[in-house]
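Sequence order for the protein chains is H, X, V and S.
Letter 128 of the first sequence, counting from 1, is numbered 128 in UniProt numbering, and no numbers are missing.
Letter 65 of the second sequence, counting from 1, is numbered 65 in UniProt numbering, and no numbers are missing.
Letter 178 of the third sequence, counting from 1, is numbered 178 in UniProt numbering, and no numbers are missing.
Letter 61 of the fourth sequence, counting from 1, is numbered 61 in UniProt numbering, and no numbers are missing.
Think of the CB as a built atom: it goes at the ideal place given N, C-alpha and C, for glycine as much as any other residue.
Only a predicted model underlies this, so the values are computations on that prediction, with no experimental measurement involved.
To start, the structure under review is shown below, and the notes come after it.
Number of protein chains: 4
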Amino acid sequence: MTIRTVVWNEFAHERENPVVRDIYPDGIHAVIAAALGREADIDVSTATLDEPEHGLSQARLDATDVLLWWGHKSHGDVSDAVVERVADRVHQGMGLIVLHSGHFAKVFKRLMGTPCSLRWREAGERERLWAVNRAHPIVQGVGPSIELPNAEMYGEPFLVPEPLETVFISWFEGGEVFRSGLTYQRGAGRIFYFRPGHETYPIYHNPEIQTVLRNAVRWAYNPVAWPDVAEAPNVPVAEAPETIEAKGASLHQAGEAGFR
Amino acid sequence: MTIRTVVWNEFAHERENPVVRDIYPDGIHAVIAAALGREADIDVSTATLDEPEHGLSQARLDATDVLLWWGHKSHGDVSDAVVERVADRVHQGMGLIVLHSGHFAKVFKRLMGTPCSLRWREAGERERLWAVNRAHPIVQGVGPSIELPNAEMYGEPFLVPEPLETVFISWFEGGEVFRSGLTYQRGAGRIFYFRPGHETYPIYHNPEIQTVLRNAVRWAYNPVAWPDVAEAPNVPVAEAPETIEAKGASLHQAGEAGFR
Amino acid sequence: MTIRTVVWNEFAHERENPVVRDIYPDGIHAVIAAALGREADIDVSTATLDEPEHGLSQARLDATDVLLWWGHKSHGDVSDAVVERVADRVHQGMGLIVLHSGHFAKVFKRLMGTPCSLRWREAGERERLWAVNRAHPIVQGVGPSIELPNAEMYGEPFLVPEPLETVFISWFEGGEVFRSGLTYQRGAGRIFYFRPGHETYPIYHNPEIQTVLRNAVRWAYNPVAWPDVAEAPNVPVAEAPETIEAKGASLHQAGEAGFR
Amino acid sequence: MTIRTVVWNEFAHERENPVVRDIYPDGIHAVIAAALGREADIDVSTATLDEPEHGLSQARLDATDVLLWWGHKSHGDVSDAVVERVADRVHQGMGLIVLHSGHFAKVFKRLMGTPCSLRWREAGERERLWAVNRAHPIVQGVGPSIELPNAEMYGEPFLVPEPLETVFISWFEGGEVFRSGLTYQRGAGRIFYFRPGHETYPIYHNPEIQTVLRNAVRWAYNPVAWPDVAEAPNVPVAEAPETIEAKGASLHQAGEAGFR
């Protein structure tokens with residue numbers, strides 16, 4: 001069985017900035033998709049902001065097991081309807097991998113419920129990601145740490161909820177630290193935030209980063225379908241697991257739907 | 001120092017339904033406020049849906065330490081602007097206590113990032129809340145369990161994130177269970193979800209329920225002010241904790257704000 | 001690749017009590033092993049208390065991926081050396097599934113760090129396990145709840161640490177609740193506590209319970225080997241990731257081992 | 001009400017090593033106790049390894065609200081009986097603050113259930129502790145980070161369970177990171193692990209470190225007494241919250257204690 005994977009990218013910097021274009025001539029999504037698509041169990045395609053519905057129609061999302069998200073300067077251009085649609089699919093079981101500046105993507109903030117703010121500096125400094133949870137499936141195949149010679153700095157405090165698991169913590173040359181790999185569950189969906197990926201450095205060409213992304217796709221894949229996860233069904237008295245009789249006053253008539 | 005506490009209520013059922021009016025002639029908020037206001041360290045006031053800005057102006061929220069939220073049939077009438085304002089204040093450090101049917105309140109879904117769905121039945125059945133974390137400040141002064149002779153049933157699965165702490169779990173006469181007391185942190189703010197409180201039963205008149213609410217107000221109170229919690233400040237190279245020199249290409253000009 | 005699985009049982013009640021013997025003539029371990037062994041990916045064997053080293057020699061444990069543990073009246077007869085050996089292997093990556101009265105097994109208390117105490121009643125009452133986290137791999141293939149017509153009651157508070165995930169919560173006929181399925185990570189090893197299994201009822205013959213056990217074995221299996229997980233290696237100055245020079249006073253001579 | 005606080009120190013290096021003696025002529029415990037004792041709400045005393053029962057008799061522990069623990073070279077000399085006694089008191093509600101090399105103290109390993117291993121280097125390098133959870137009571141009164149000019153390095157992976165909260169993360173000059181402030185609950189007791197404190201540097205003289213210690217004492221203080229936390233009481237049929245009749249076979253006779 002293959003994991004149907006979509007790599008989403010706003011695809012803006014690569015078309016506007018020559019430095020970025022040199023590194024990612026076909027876009028960041030193309031490089032990530034190529035890295036994932038080498039694996040027999042991953043069936044990968046891409047989607048970008050300027051496609052109709054940003055390439056994320058309901059039918060497309062319904063046929064997606066894991067979505068990767070790269071966005072930066074165009075967060076505000078992502079339609080709220082698509083954001084809700086993606087969040088709904090995560091709740092139903094789709095995995096989501098949020099990359100780098102995606103910390104401020106609408107859909108990440110929507111799923112975290114927090115500001116997702118941080119400190120930052122663009123100085124091409126050295127970053128070293130330490131695998132804090134070395135037994136985690138996401139870090140298999142990489143060493144104790146991953147070193148990136150040039151990276152944008154993200155510094156704590158990172159305003160996200162306490163994670164399910166802290167997988168990576170980054171050290172920066174300039175003196176800061178950052179929780180760079182964090183896992184969450186929201187509804188039936190698994191979420192992995194992965195920090196590296198600034199567009200002016202060739203980070204997604206790094207073999208260890210690619211290994212982490214492949215691991216993350218497999219970890220985020222949950223072969224569970226829960227289409228009505230957001231429903232709040234009434235359990236009538238006659239269908240209660242234990243025999244009971246209704247007592248006291250009621251607000252609802254029998255068969256009435258709940259308020260929402 | 002007193003904890004500036006606001007009890008918010010949509011205040012609809014009490015004006016429309018004679019059963020509810022008999023139990024809460026001045027509204028659910030009035031009974032809760034009276035229970036909290038007996039304490040010297042809690043300074044309590046109330047707010048309702050039909051006040052201007054639902055009684056939750058920016059100035060009012062800025063002067064609020066802990067907000068309690070009761071809503072049910074009018075979730076959809078709460079303005080999105082007020083929801084964002086409340087969420088922002090939670091991020092900045094305001095405590096939030098979400099009551100009963102508030103599981104579907106816009107602001108709770110906003111802060112959880114999940115559907116917050118559940119199963120339900122209105123049969124006046126018996127509920128028993130077990131204090132799972134008996135050492136938690138929220139359960140002090142109540143026994144091993146709280147018994148409610150008549151309650152609406154809420155059943156698992158409850159679609160919220162794994163909590164920081166599970167404080168109460170409910171047993172229902174009809175055969176279901178529910179995580180009835182859960183804690184979270186979002187930004188600097190502490191959140192407590194507390195299940196009991198159906199409007200057709202006198203639950204907020206129960207002395208043990210009132211004790212839990214008072215404990216929860218004190219627990220949720222965090223004397224921290226973080227007004228710019230959502231900001232993502234740049235840390236210029238010259239202000240890096242360690243001396244570094246900028247290397248490689250940059251996307252941003254010096255002094256430019258980040259994208260969001 | 002198969003998951004090398006060992007089912008451990010103290011194997012006492014089945015030999016001493018006719019009621020238990022009727023249900024488990026060859027021991028609880030035999031029934032569990034048969035249920036697991038039907039699967040092509042699980043390679044199962046058993047071990048019992050009165051074997052040399054309780055059947056858990058270092059060589060045997062080193063060749064074990066997942067260990068299931070059933071104990072009750074003989075907790076005190078398990079040698080401390082074997083307990084440490086099992087705990088060490090969990091830290092190195094072996095999965096551990098602790099069953100029912102194993103909550104008081106030395107190795108479970110050793111790995112939790114808490115009393116693992118609870119309330120109990122042996123009245124053959126009805127139990128219903130609700131799948132709180134319906135998207136979890138451990139609950140796939142079973143319905144929203146599992147009903148056991150006769151069970152020993154375990155009641156909260158259950159003195160374990162906040163779990164990584166709450167998977168099942170039980171409802172009991174007599175009015176109590178219990179967190180019946182909990183996950184943990186200790187070192188590189190995954191741990192699942194699963195409540196059902198009282199020896200006077202045919203609980204491990206139940207097909208849904210058997211499905212949960214098979215799921216749990218697969219979930220607990222972590223193909224990671226970390227034999228030196230407990231070591232605290234020195235990182236000499238010359239091997240620091242960044243070039244540094246030693247400053248200030250030192251307690252240790254170069255090459256000296258740390259204290260423990 | 002004052003918080004009855006005991007600072008425990010093995011008190012070995014200070015008597016054997018002139019560098020350490022110069023920094024802590026009366027012992028590390030004396031400096032910490034002086035820092036805590038300036039506060040009106042903290043009533044502080046000290047205890048050391050070579051006192052009878054290491055200064056931690058049952059009576060002393062029963063009258064202790066919060067215990068701080070500094071040990072390094074003498075972990076192996078701490079009696080197992082005292083370790084169990086301290087762990088039992090934590091379960092009953094006593095707070096515990098474990099300092100620096102206490103990561104390998106018997107009582108910390110006992111309460112964590114993990115190896116508590118890490119990487120280390122004694123090079124007097126610079127450490128910067130970032131307050132990851134800036135809203136936490138333990139970090140109030142200190143800046144975004146605490147800088148220590150000379151520190152022993154501790155590096156990840158740190159083999160402890162996922163914490164309740166990650167409070168501090170350290171950056172080291174030599175290139176490593178470490179989760180330097182972590183909270184846990186074990187039984188009714190709150191535990192804070194705090195990394196800084198190497199004996200060859202004057203770290204406990206640092207005013208910000210002292211502020212953290214004072215905050216931690218107040219956070220760890222839980223005015224709850226649960227002396228029988230480890231008991232597993234039987235709930236007889238006649239005292240079940242719901243009326244039930246015993247069904248099926250039983251292993252235990254009425255009134256019998258459970259196995260352990």
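Using a Cβ-Cβ cut-off of 7 Å (strictly less than) and excluding sequence neighbours within five positions of residue i, which residues of its own chain qualify?
i	result
H/Arg85	Leu56, Gln58 and Leu61
X/Ser145	Arg128, Leu129, Trp130 and Ala131
V/Ala63	Arg4
X/Val82	Glu53, His54 and Leu56
X/Pro149	Arg126
V/Leu99	Leu68, Trp69, Trp70, Phe194 and Gly197
S/Val229	His91, Gln92, Gly187 and Ala188
X/Phe104	His75 and Cys116
Can residue i and residue j be called in contact, C-beta distance under 8 Å?
i	j	result
X/Gly189	X/Val90	yes
S/Pro236	V/Arg121	yes
V/Pro241	S/Gly175	yes
S/Pro227	S/Leu159	no
H/Ile23	H/Pro223	no
H/His72	H/Ser117	no
S/Glu16	H/Glu165	no
S/Arg134	H/Pro25	no
S/His13	V/Arg260	no
X/Gly124	H/Ala246	yes
X/Val44	V/Ile169	no
S/Ile138	S/Gly181	yes
At a Cβ threshold of 8 Å, is residue i touching chain X?
i	result
V/Trp171	yes
S/Ala216	no
V/Ala131	yes
V/Arg260	no
S/Val142	no
H/Gly155	yes
H/Leu96	no
V/Val177	yes
Per DSSP, residue i is paired with what?
i	result
H/Leu96	H/Leu67 and H/Ile191
H/Leu164	Per DSSP, none; premise fails for H/Leu164.
Using a beta-carbon distance below 8 Å, is residue i in contact with chain S?
i	result
X/Val212	no
V/Phe194	no
H/Phe71	One point to set straight first is that residue 71 of chain H is Gly, not Phe, in the sequence displayed. For H/Gly71, the answer is no, since every Cβ of chain S falls outside 8 Å of its Cβ.
X/Asn222	yes
V/Glu122	yes
Would residue i pass as an interface residue toward chain V - the criterion being a Cβ-Cβ separation below 8 Å?
i	result
S/Met112	yes
S/Arg21	no
Would you say residue i lies against chain H (beta-carbon separation less than 8 Å)?
i	result
V/Leu164	yes
X/His205	no
X/Ser101	yes
S/Glu245	no
S/Arg38	no
By Cβ distance, which residues of its chain are closer than 6 Å to residue i, with the 5 residues on each side in sequence left out?
i	result
V/His136	Val167
X/Val7	His29, Ile32, Ala33, Thr46 and Leu68
S/Val19	Thr200
V/Arg207	Residue identity differs from the one stated: residue 207 of chain V is Pro in this sequence, not Arg. Within the same chain, V/Pro207 has no close Cβ partners at all.
S/Val78	Lys106
H/Lys109	Cys116
H/Thr21	The displayed chain sequence assigns Arg, not Thr, to residue 21 of chain H. Cβ neighbours of H/Arg21 beyond the five flanking positions: Glu14.
Report all residues from its chain with a CB closer than 8 Å to the CB of residue i; omit the five preceding and five following residues, and keep chain order.
i	result
V/Val217	Ile3, Thr5, Leu36, Ile42, Val66, Leu68, Gly95 and Ile97
H/Leu111	Ala87, Val90, Leu96, Tyr184, Arg186 and Ile191
S/Asp80	Lys106
How close, in whole Å, do the beta carbons of residue i and residue j come, if the pair is a contact with beta carbons under 8 Å?
i	j	result
X/Val142	X/Thr211	5 Å
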